[in-house]
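Only one structure is covered here, and it is reproduced in the block below.
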Amino acid sequence: MTRTSEILPRIDDCDCTPSVQHLFRRHYLLQSPMYYIRWLYAVLYSLYLLFVLRAPTDTDIVGYIENTTMAMLIRPATDGKSGEYEVTVYDCKLCASGGHKLKNMSLRYKTGKNGVQVLRFTRNGVEVSDRSQIFSTIYLYHIHSMHTKSHLFSNSLVRHIVDNDVKALQESSYTSIPLHYVLLHSSLSVLEWGGNMSRYLGYGDACIRESVVEESRNMSAMEGHQAVHSWKSHGKDSFAGKLLRSRLALQVVVERHGIAPKLLDPLFNHTIVHSVDHHGSSEWSRLRFSLHPWDKDCSTYQAFNTSVFRVLITQPNLNPLAPNTLRSINKPFYQDLYRELKNIDPQMADVVTASVIIFLLVEPSSLLPVSHGKDTVRERGVSIMDLNFDLGLDDLLNPVEPEDLSFGNQFFQHVVMDLEVFSSQPDPFAEVPRDQAESGIKNETISEESSAPPVVTQVKCVSTPPVVTQVKCVKPPRFPAPVSAQDIEDKVKQRVPKKTQASTRWGKSVWDAWATHRNQQLHNMDIALGMLTEQYAVVPTDLSRVSHEEMNFWMAKFMFEVRKLDGTPYPPKSLYLLTTAMLRHFREDLKRYDFNFLDKRDTRFEEFRKALDTRMKELTAMGIGVTKKQAEPLTPDDESRLWDSNTISTTTSQGLSYGVFLYNCKVFGLRGMDEHQRLMLDQYRFGTDAQGRYMEYTGRVSKNVQGGLQQRQVDVKRIKQYASPTNPRCVVNLFEQYTRHLPEKSGRFYRRPLIKSSEPKFSLQPVGVNKLSTYMKSMCTDAGISMEGRRITNHSGKVTLATQMWGDGFDEQTIMARTGHRSTAVRAYKRPSDALLMDVSNKLQPPPPKSRPTATATTTTDHNNSLSTVTTTATNVTVSPPRASATATGSSARGLSRLSIVQPNGIKIFMDF
1 MTRTSEILPR IDDCDCTPSV QHLFRRHYLL QSPMYYIRWL YAVLYSLYLL FVLRAPTDTD
61 IVGYIENTTM AMLIRPATDG KSGEYEVTVY DCKLCASGGH KLKNMSLRYK TGKNGVQVLR
121 FTRNGVEVSD RSQIFSTIYL YHIHSMHTKS HLFSNSLVRH IVDNDVKALQ ESSYTSIPLH
181 YVLLHSSLSV LEWGGNMSRY LGYGDACIRE SVVEESRNMS AMEGHQAVHS WKSHGKDSFA
241 GKLLRSRLAL QVVVERHGIA PKLLDPLFNH TIVHSVDHHG SSEWSRLRFS LHPWDKDCST
301 YQAFNTSVFR VLITQPNLNP LAPNTLRSIN KPFYQDLYRE LKNIDPQMAD VVTASVIIFL
361 LVEPSSLLPV SHGKDTVRER GVSIMDLNFD LGLDDLLNPV EPEDLSFGNQ FFQHVVMDLE
421 VFSSQPDPFA EVPRDQAESG IKNETISEES SAPPVVTQVK CVSTPPVVTQ VKCVKPPRFP
481 APVSAQDIED KVKQRVPKKT QASTRWGKSV WDAWATHRNQ QLHNMDIALG MLTEQYAVVP
541 TDLSRVSHEE MNFWMAKFMF EVRKLDGTPY PPKSLYLLTT AMLRHFREDL KRYDFNFLDK
601 RDTRFEEFRK ALDTRMKELT AMGIGVTKKQ AEPLTPDDES RLWDSNTIST TTSQGLSYGV
661 FLYNCKVFGL RGMDEHQRLM LDQYRFGTDA QGRYMEYTGR VSKNVQGGLQ QRQVDVKRIK
721 QYASPTNPRC VVNLFEQYTR HLPEKSGRFY RRPLIKSSEP KFSLQPVGVN KLSTYMKSMC
781 TDAGISMEGR RITNHSGKVT LATQMWGDGF DEQTIMARTG HRSTAVRAYK RPSDALLMDV
841 SNKLQPPPPK SRPTATATTT TDHNNSLSTV TTTATNVTVS PPRASATATG SSARGLSRLS
901 IVQPNGIKIF MDF
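Just so we're aligned, residue 1 is where the sequence shown starts under UniProt numbering, counting upward by one.
Written out as structure tokens, the structure reads:
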């Protein structure tokens, strides 16, 4: 019997420390004769299996994939051949024995009347034909990577869910708790040090840190989850009832803690699919294969490890000879899960617990899908803890059953989490010094979750793919299940953009910080005396009951006293944003719609508006906030440089990725980040009309087009871009080349480019939001474009669009059709070019000094009476009045006046005017 601790483990107990004693509360085990007999029977049975193990076949290999979470990676053959499928894994960095590392693998197989046939298997680019090595490689990847990372994925989900209120998810996240221990202290540890070696197998640090980071990208490839067909084929089998009732029980958990309903399916998927994973891997434990994929044959020692390793070593509760078992074992978290759910609904608690650890509580054969070749489903029901469930297929197709039981992109969208953030986040464990870690290893308690690959007990092997039984489906009802008031309230909250919600929280947090600081000043006697003489003394932080007069009083002071974290004043625009944030807090959070600080007709806030106006003018006079930060456009020279340097190119993966990003901004007017992140492939269409080839982009929800009541007459953006046959850099050709090389023709638009490939090739993994946010700067840096003194951001692409169209003389309406603006705000993009600025500068320069007219002088000498013409300026002519005389000559008759000057030396000078 076991003695249960009164203190339940919580998620925050999982902050791993070097000693296992600090991780979990203990259950002390009292040994009994029956306990020894049970363990001895398990050992003898496993030894018997050692002599009947057989080598894996093609059916075993494919069956293992299709009956575990590996099924999520199955894709139809890329060449479209009927009945052929592929499983491809990139970015895999798993360590194996002998210094080998699994980097990638690809399997192609086909199904038909003659059964299953493996057509080709490559590992690290080298083809492998030995079936034992193939099975061992797939087993290594699944156990040490994919199954393990599903735990990490769940932990990340729990960390980001419901404002990180992880304590509200105790019941649904217990399956992830032991993995903290596994990944820190066992052979699967993410810590890279020599002590991470199994004492029994010598397995090195298989799940190293770089594997966690790199290969977690494969998680997004799970959107083609094939197991949904198997689930629906169970019919009246008890496992089908567990699936449905487990989801109902989890729904109660979600409602109990106020968790967003949209998170129900992701949590359900992880819990149930994970239990299916354990069950599926146990079916193949009787096969003879090496746990080290690079071994050419399977020795008796390896076969012994395969068949009895889990019983003898990884289940200390079955091994009385383990030195630490008699003292204590890890707390069975399944009991805690059951106890928690029992308090919610006794009937549901049984099936939820059973579905999580189904391979331990129920005869495994009852879990298997319909046997190959049979047309009827299993009718036998199974009693679990004296509770029977007998549900038909129609119950599974009930509207409460999730329509799309998929992981992948939908999973990320559910939890509003980007894979790039997840894969680059720090280890989910505290930094542990080596000496402490070594001490923890010495004291570790070996459990079924630690020390070695979890090779589970053997059951009857079903090696053929499941057959989906055709059952006539009942037409679903016209209307869905009733929507609760809480559901509506949650959806209403979600209508507000996330950035707006963040801005509201920022404004309220600044108010709270200022209020706390000001209220603390009451402890200063000198300041307190002055404050107590005013109408109000204490700044309220709970604004649910504050009066209009009090808010008017404090908002005025808030505008003058609020400061940044570094103590400098906020610029005028930030003060206005703080005001609007507080206004949204009153309306959205407090439901107080009678507060409108900025309404000129509301005289209750007249003093506040005067204070805000005064403070904004005061800050402007001080030069604070007068410099406007805005993205600058790319010049034609910049764009040419991107092409000339092959930064944008149709022959490389990165060049195509950069190119479609830039021209999504410049041609289709996409915003800097949000529209790119949500961009889907089906938003583009290629065609031909009388004008020639074209591509058409159809927008969706954006900043300027939210839909809804106020924008019911506003259409989404539709832009048609025609091809230019004479331009080798044609945008239409660029997009066609990009979409042609994508691994699939649906889903997210931006896929991660595979740089090392000799030809353009892209991963199934979408480009992360953090990577996308630096695309414009990255491509400019790669092209050698100087950004000194320039503000180049992703928004520069849209600025380039508007600036070039203004410069080329397009009217405002045409520009707005491209940029998506619905008001004159588009004029903010009207940036003068450098040439235009130079022209304006020259026009406004002072006029240059004007030169005086020149005079023509004719000189006559007495020596030769010849005339010589001398050109001189007026300043060079010296007139001697006594000798000068004006003589009218024939030139006067022609309308000219002549000045005749006689010099003392006898030279006569005649000047015509």
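Ideal Cβ positions, reconstructed from N, Cα and C, are used throughout, including at glycine.
Source: prediction; values computed, not measured.
Check, Outcome
"Any 3 or more C-beta pairs closer than 8 Å across the region 593 to 607 and the region 505 to 523", "no"
"Residue environment, Leu94, which counts as buried when at least 16 other CB atoms sit within 10 Å", "buried"
"Close-in-space but distant-in-sequence residues of the same chain around Ile624 (CB under 7 Å, 5 per side omitted)", "Pro569, Pro571"
"Leu772 beta carbon less than 8 Å from that of Gln845", "no"
"Alpha carbon of Trp511 to alpha carbon of Phe558, nearest angstrom", "8 Å"
"DSSP state of Phe797 mapped onto helix, strand, coil", "Reading off the sequence, residue 797 comes out as Gly, not Phe. Note: Gly797 maps to helix in three-state DSSP."
"CB-CB length for Ser657 against Tyr750, believed under 8 Å", "7 Å"
"First through last residue of the alpha helix (DSSP H) which encompasses Ile624", "It is not in any alpha helix (DSSP H) - Ile624 carries neither H nor E in the DSSP assignment."
"Inter-stretch contact at 8 Å, needing at least 3 Cβ pairs: the region 636 to 648 / the region 582 to 598", "no"
"Residue span of the beta strand (DSSP E) that contains Phe762, given as start and end", "762 to 766"
"Buried/exposed call for Ile815, threshold 16 Cβ in 10 Å", "buried"
"Closest by C-alpha distance to residue 927, when choosing among Val840, Cys780, Gly115", "Because the chain is modelled from 1 through 913, residue 927 falls outside the range shown and cannot be assessed."
"Status (buried if at least 16 other CB within 10 Å, exposed otherwise) for Lys798", "buried"
"Where Met673 sits in the DSSP three-state scheme", "coil"
"The region 132 to 141 touching the region 47 to 61, judged by at least three CB pairs closer than 8 Å", "yes"
"Per DSSP, cross-strand counterpart(s) of Lys720", "Glu696"
"Nonlocal neighbours in the same chain, by C-beta distance under 6 Å from Arg120, ignoring five residues either side", "Arg108"
"Rounded C-alpha distance that separates Tyr663 from Ala77", "32 Å"
"Own chain, CB closer than 6 Å to Gly112, minus 5 neighbours either side, in chain order", "Gly83"
"With 16 other Cβ atoms within 10 Å as the buried cut-off, status of Gly125", "exposed"
"The alpha helix (DSSP H) enclosing Pro636, as first and last residue numbers", "636 to 644"
"Under 8 Å between C-beta atoms of Tyr694 and Val732", "yes"
"Segment limits, beta strand (DSSP E) that includes Lys110", "105 to 112"
"Identity of the residues DSSP links to Phe289 by a beta bridge", "In DSSP, Phe289 forms no bridge with anything."
"Nearest to Leu47 (by Cα), restricted to the options Pro293, Asn114, Val62, Thr300", "Thr300"
"For Lys101: DSSP bridge partner residues", "Cys95"
"Contact check, Glu736 vs Phe686, beta carbons under 8 Å", "yes"
"Spatial distance of Ala485 from Val538 (CA atoms)", "37 Å"
"Three-way DSSP call (helix, strand, coil) for Ile143 in this model", "helix"
"7 Å CB neighbourhood of Asn552 in its chain, flanking five on each side removed", "Arg604, Phe605, Glu607, Phe608"
"Candidates Ala502, Tyr64, Asp566, Ser724, of which the one nearest Leu287 by Cα", "Tyr64"
"Separation of Ile785 from Ile792, as counted between CA atoms", "10 Å"
"Beta-carbon spacing of Leu642, Thr800 below 8 Å", "no"
"Chain B within 8 Å of Gly625, Cβ atoms only", "In the structure shown, chain B cannot be found, because there is only a single protein chain."
"Buried versus exposed call for Val546 [16 or more other C-beta atoms within 10 Å across all chains shown]", "buried"
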